[in-house]
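Structure first, commentary second.
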Amino acid sequence: MLTVIQNADIHAPDPIGIGHVVIAGERIVYLGAELPEVASPLQAEVIDVQGAAVVPGLIDAHAHLTGGGGETGPASRVPPMVLSAFTRAGVTSVVGVLGTDDLTRNTQTLVTQAYGLREEGLSAWCHTGGYHVPLTTLTGSARGDIVFLDPVIGVGELAISDHRSSQPTLDEFLRIASEAHVAGLMTGKAGIVHCHMGDGKRGLSLLEQAIATSEIPARVFNPTHINRNKALFHEAVALARHGCFVDATAFPAGHVEPGISAADAYLQFRDAGGRAGRFTISSDGGGCLPAFDHDGNLTRFGVGLCDTLPETLASLVGAGVPLVEALMPFTSNVADLLKLHRKGRLAEGMDADLLVLGEDFAIRHVMARGAWHIRDGQVVRRGTYE
11 MLTVIQNADI HAPDPIGIGH VVIAGERIVY LGAELPEVAS PLQAEVIDVQ
61 GAAVVPGLID AHAHLTGGGG ETGPASRVPP MVLSAFTRAG VTSVVGVLGT
111 DDLTRNTQTL VTQAYGLREE GLSAWCHTGG YHVPLTTLTG SARGDIVFLD
161 PVIGVGELAI SDHRSSQPTL DEFLRIASEA HVAGLMTGKA GIVHCHMGDG
211 KRGLSLLEQA IATSEIPARV FNPTHINRNK ALFHEAVALA RHGCFVDATA
261 FPAGHVEPGI SAADAYLQFR DAGGRAGRFT ISSDGGGCLP AFDHDGNLTR
311 FGVGLCDTLP ETLASLVGAG VPLVEALMPF TSNVADLLKL HRKGRLAEGM
361 DADLLVLGED FAIRHVMARG AWHIRDGQVV RRGTYE
């Protein structure tokens, strides 16, 4: 079965203009201004989007596939995420992480959840390890997990500057980064250390020391939640000048203070001279969003949502950022960081992951790996237990 999308305003994310997209199986086989002839129209689904924007599917580089939470006891564990939690938000590719609870949840369950989402039609990967050192792994080492487990592409989210972390030393941190980097070289995978950044006063100093005192490339060190407070954000702007990718979290309403929104973080990063191609935005979907007092007592609790990604995209466009630029932190930048070579862009030979947007940038249709998951804003393909 072929799918032909006609009269699309194509942003790949570079603007191409009005054209047509042909999908066969899970790949884009044609993208251009001329409408190609289909050998047998009866074997093709044709959809005319009448000038609507067609853009790459979003890549969420930080989501808790198995659920997060647990800071207030077993009942506070967030349930695993279901397929439509991603596709309703336009997410067609996701990377899973473990957080505070890397004991009752482990690499085994995370890898299995990634495989399950793949069976349901999503593109899914994950990191090995979690907040703590020694890392939770399946094979006994981070290097082994990245080399031998197909979905595992890096280490994370390793907690830094947070009272919930295991307070890793510089030597411990460098050893983990070395394992990730070498495993990435051996496999062609990302090989990064995805670092959860807390509100601690040490901020990004451990990453700065690691870059200054080792031969490990700066791109290996990937801090997330950099917009959780203003001091941390300004440190991240400086860190990115070394060549790191930095990741902002699209916090839901009510959980931004004392930091800044992901949209404002991107605008300020750009205004400070940061390289737009080194900035990504993720959701922390399925993860807990706690706040603590100075004694480490929980004062507030929420859950991350993937829906904040398209909301942030719309906010950027509303702030005057061209759509081509606004898409990059959710698509091509993430694909470059994670070395997902068939993701993040629309072109012949790329995976058929795409969104059709409405005039207000609401998501009308979602295609993941060549199959429709959302049509006219309605879920048409659900997970096994939805």
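FYI, this note's numbering numbers position 152 of the sequence shown as 162, with every residue one higher than the one before it.
Glycine is no exception: its CB is placed at the ideal position from the N, C-alpha and C atoms.
Please determine, among the options, the residue with the shortest C-alpha to C-alpha distance to residue i.
i      : options                           : result
Gly295 : Met91, Val366, Ile26 and Gln60    : Met91
Pro46  : Glu396, Leu12, Leu168 and Ser342  : Leu12
Gly325 : Val366, Gly393 and Ala275         : Note on residue identity: the sequence assigns Ser, not Gly, to residue 325. Of the candidates Val366, Gly393 and Ala275, the one whose C-alpha sits nearest the C-alpha of Ser325 is Ala275.
Arg212 : Phe96, Phe289 and Ser175          : Ser175
Thr322 : Asp346, Gly297 and Ser293         : Ser293
Val107 : Arg391, Gly164 and Glu396         : Gly164
His383 : Ala152, Leu41, Leu333 and Thr97   : Thr97
Asp370 : Ser94, Leu168, Ala63 and Leu113   : Ala63
Phe261 : Glu129, Leu315, Ala134 and Phe289 : Leu315
Ala95  : Thr82, Leu127 and Asp209          : Leu127
Leu299 : His235, Thr341 and Cys254         : His235
What number of angstroms, rounded off, separates the C-alpha of residue i from the C-alpha of residue j?
i      : j      : result
Ser188 : His137 : 15 angstroms
Met360 : His351 : 8 angstroms
Gly328 : Ala372 : 13 angstroms
Asp305 : His173 : 10 angstroms
Gly79  : Asp160 : 26 angstroms
Gly363 : Ile69  : In the sequence on display, residue 363 carries Asp and not Gly. Cα to Cα, the separation comes out at about 10 angstroms.
His244 : Asn17  : 43 angstroms
Gly140 : His30  : 43 angstroms
Lys240 : Val14  : 46 angstroms
Arg185 : Ser171 : 18 angstroms
Cys205 : Thr149 : 21 angstroms
Val389 : Ala220 : 45 angstroms
Gly100 : Met377 : 9 angstroms
Asp386 : Ala85  : 36 angstroms
Leu319 : Leu242 : 21 angstroms
Ile116 : Gly154 : Correcting the residue type first, residue 116 is Asn in the shown sequence and not Ile. Using only the alpha carbons, I get a separation of about 15 angstroms.
Phe158 : Thr197 : 9 angstroms
Val192 : Pro233 : 19 angstroms
Ile33  : Pro268 : 45 angstroms
Leu249 : Gln278 : 15 angstroms
Val334 : Val48  : 30 angstroms
Glu358 : Thr114 : 43 angstroms
Gly35  : Arg310 : 46 angstroms
According to DSSP, is residue i part of a helix, a strand, or is it coil?
i      : result
Arg238 : coil
Glu396 : coil
His383 : strand
Val256 : strand
Leu350 : coil
Ala362 : coil
Leu367 : strand
Glu167 : strand
Leu249 : helix
His173 : coil
His244 : helix
Ala357 : coil
Would you check whether the ligand NAD has a heavy atom nearer than 7 angstroms to the C-beta of residue i?
i      : result
Gly106 : This structure lacks the ligand NAD; in fact it carries no ligand of any kind.
Please look up how many angstroms separate the CB atoms of residue i and residue j, rounded, as I've assumed it's under 8 angstroms.
i      : j      : result
His74  : Val88  : 7 angstroms
Gly194 : Ile226 : Contact flag wrong, Cβ pair sits at about 11 angstroms.
Leu132 : Thr102 : 7 angstroms
Ile28  : Gly61  : 7 angstroms
Gly201 : Val162 : About 10 angstroms separates the two Cβ atoms, so there is no contact after all.
Arg355 : Pro25  : So it is not a contact: roughly 13 angstroms between Cβ atoms.
Val344 : Gly284 : With a Cβ gap of about 16 angstroms, Val344 and Gly284 do not count as contacting.
Where in the region 33 to 109 do unbroken runs of the alpha helix (DSSP H), each at least 4 residues long, occur, reported from the N-terminal end onward?
93 to 97
Could you name each continuous alpha helix (DSSP H) segment of 4 residues or more that falls completely within the region 269 to 348, going from the start of the chain to the end?
Taking only runs of at least 4 residues, the alpha helix (DSSP H) segments lying wholly in the region 269 to 348 are 272 to 281, 318 to 328, 333 to 337 and 342 to 348.
Runs of 3 residues minimum, wholly inside the region 110 to 160: which ones carry the beta strand (DSSP E) assignment?
133 to 138
Beta strand (DSSP E) runs wholly inside the region 178 to 233, at least 3 long, in chain order:
202 to 207
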